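According to my numbering, the sequence shown is numbered sequentially starting from 2.
Beta carbons: idealized from backbone N, C-alpha and C, even for Gly.
Since this is a predicted model, take the numbers as computed values, not measurements.
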Amino acid sequence: MKITKGSLDTLIFFCTSRCNGKCLTCFYQPNLNKGADISLEQIESISKGLPSFRRLMISGGEPFLRKDLDRVVKIFVNNNGVSNISIPTNGLLAEDTLACVEKIASDNSGAVINIACSIDGFKTTHDKIRGIDGVFDKAEDTFNRLLKIRARHKNLRINIATTICAINIGELKELGEHFFNTFDADFHYFELIRGDVPKELTALGCNELEAFDDYAVKLSLRYRRRSQAHSAPLAYIKSLLNSRIENSLLKIQRESFFKRKKWPIACEAGKKILVMQSNGFLSACELKPQNQDARKNCSEGCTHGCFLAESAYSSRKNLVKIALSDFFKL
Numbered sequence: 002m003k004i005t006k007g008s009l010d011t012l013i014f015f016c017t018s019r020c021n022g023k024c025l026t027c028f029y030q031p032n033l034n035k036g037a038d039i040s041l042e043q044i045e046s047i048s049k050g051l052p053s054f055r056r057l058m059i060s061g062g063e064p065f066l067r068k069d070l071d072r073v074v075k076i077f078v079n080n081n082g083v084s085n086i087s088i089p090t091n092g093l094l095a096e097d098t099l100a101c102v103e104k105i106a107s108d109n110s111g112a113v114i115n116i117a118c119s120i121d122g123f124k125t126t127h128d129k130i131r132g133i134d135g136v137f138d139k140a141e142d143t144f145n146r147l148l149k150i151r152a153r154h155k156n157l158r159i160n161i162a163t164t165i166c167a168i169n170i171g172e173l174k175e176l177g178e179h180f181f182n183t184f185d186a187d188f189h190y191f192e193l194i195r196g197d198v199p200k201e202l203t204a205l206g207c208n209e210l211e212a213f214d215d216y217a218v219k220l221s222l223r224y225r226r227r228s229q230a231h232s233a234p235l236a237y238i239k240s241l242l243n244s245r246i247e248n249s250l251l252k253i254q255r256e257s258f259f260k261r262k263k264w265p266i267a268c269e270a271g272k273k274i275l276v277m278q279s280n281g282f283l284s285a286c287e288l289k290p291q292n293q294d295a296r297k298n299c300s301e302g303c304t305h306g307c308f309l310a311e312s313a314y315s316s317r318k319n320l321v322k323i324a325l326s327d328f329f330k331l
């Protein structure tokens, strides 16, 4: 890994290994509920040793099981100048989540706070994937209450995150329409399943995934149009460009998933993107062993949508290449 001053863009931090879910789709499951999490004092020390960077992506476990999560975020904002923070949640801990989100948004008014409620289908499907009865109702309730908190904080974004798998793909278009038309979410993210998970979850058809990806791009544009309804023309043009880039990224991800094709861009894992595990160990990639330089054996052919997007957006060269890929078949 080569992390130098000015090179780091994104830190992905698994702030806790503790989780109150039993998700079938979780690639991090082997690491859950094992050992003590890194202490706040240790986080402070590591943070001071890192250069400034733009984006902090919190993960877990369930992040809101960490009672000092607001202080964790504040450390990176103060020490590293973080301006964009993303935190997912399964929505099971409504009161703790709401209180913590309110504090994070209030204490870091200069940063954009993105909270994503994980919802993988309607009630029956979501509860099956999450391994807990009633979790859909709780997640939807938490999501709706988070939207009310957003009204008090201009820097707060409330999103939905869905993992695409063989169990839920048949209802995801309907799910997308339900949340777009019923709730005023800021965005709906769809992430293709990854990692060492049961094969029945990855038994997706190329055509059905391509058809859904087409829908996901159109839904993305609808969200952007709604959020920028009163914005300048330049903002609208930017949203169109982002949709084009998303379409290209989804195509690359599909080809990696089904055909094991290499990415047409360089993976930035270990250069502009760094991962810190809940025990404090650093790694280049979530799906690689801790302390291993993922670039040494990297084929840029994994289906890791997070790193694909981050690799594109954190590198101007990669971004231009992706933006033009549909036209010039790069």
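- E269 carries a coil assignment under DSSP once its states are collapsed to helix, strand and coil.
- Taking 8 Å as the upper bound for CB-CB distance, I88 and F14 are not in contact here, some 10 Å apart.
- CA-CA distance, A270 to V78, rounds to 22 Å.
- The three-state reading of DSSP puts N109 in coil, since its state is none of H, G, I, E or B.
- Of the candidates L220, G111, S18, the residue whose Cα lies closest to the Cα of F191 is L220.
- For L222 and G122, the gap between their C-alpha atoms comes out near 21 Å.
- CA-CA distance, S249 to V218, rounds to 10 Å.
- Residue state for T163 is assigned as strand, using DSSP reduced to three classes.
- The three-state reading of DSSP puts T17 in coil, since its state is none of H, G, I, E or B.
- Inclusion of N21 and L70 in the CB contact set at 8 Å is not warranted, their separation being larger than that value.
- Annotated as proximal: V74 and L57, with beta-carbon spacing under 8 Å.
- In this structure, the CA atom of L210 is about 43 Å from the CA atom of Q43.
- Per DSSP, T126 has no beta-bridge partner at all.
- Contact between the region 112-131 and the region 22-31 is present: 3 or more CB-CB pairs across the two stretches fall below 8 Å.
- When C-alpha distances from N32 are compared across A285, D214, G196, the shortest belongs to G196.
- Take the alpha-carbon of S18 and the one of Y29: they are about 9 Å apart.
- For a cut-off of 8 Å, the C-beta gap from N160 to F188 is around 5 Å, short enough to register as a contact.
- Residue pairing by DSSP places R158 opposite N115 in a beta bridge.
- Distance from the Cα of N81 is smallest, within the candidate group I105, L9, Q278, F137, for L9.
- Contact holds between the region 143-163 and the region 102-117, because three or more Cβ pairs, one in each stretch, are under 8 Å apart.
- The three-state secondary structure of N91, taken from DSSP, is coil.
- For the options K35, T183, D38, the alpha carbon positioned closest to that of Y224 is the one of T183.
- In the three-state scheme derived from DSSP, where H, G and I count as helix and E and B as strand, N208 is classed as helix.
- By the criterion of a C-beta distance shorter than 7 Å, E201 is surrounded in its chain by A167, once the five residues flanking it on both sides are discounted.
- For a cut-off of 8 Å, the C-beta gap from C16 to S279 is around 6 Å, short enough to register as a contact.
- Within the region 62-90, the complete beta strand (DSSP E) segments of 3 residues or longer fall at 85-90, listed in chain order.
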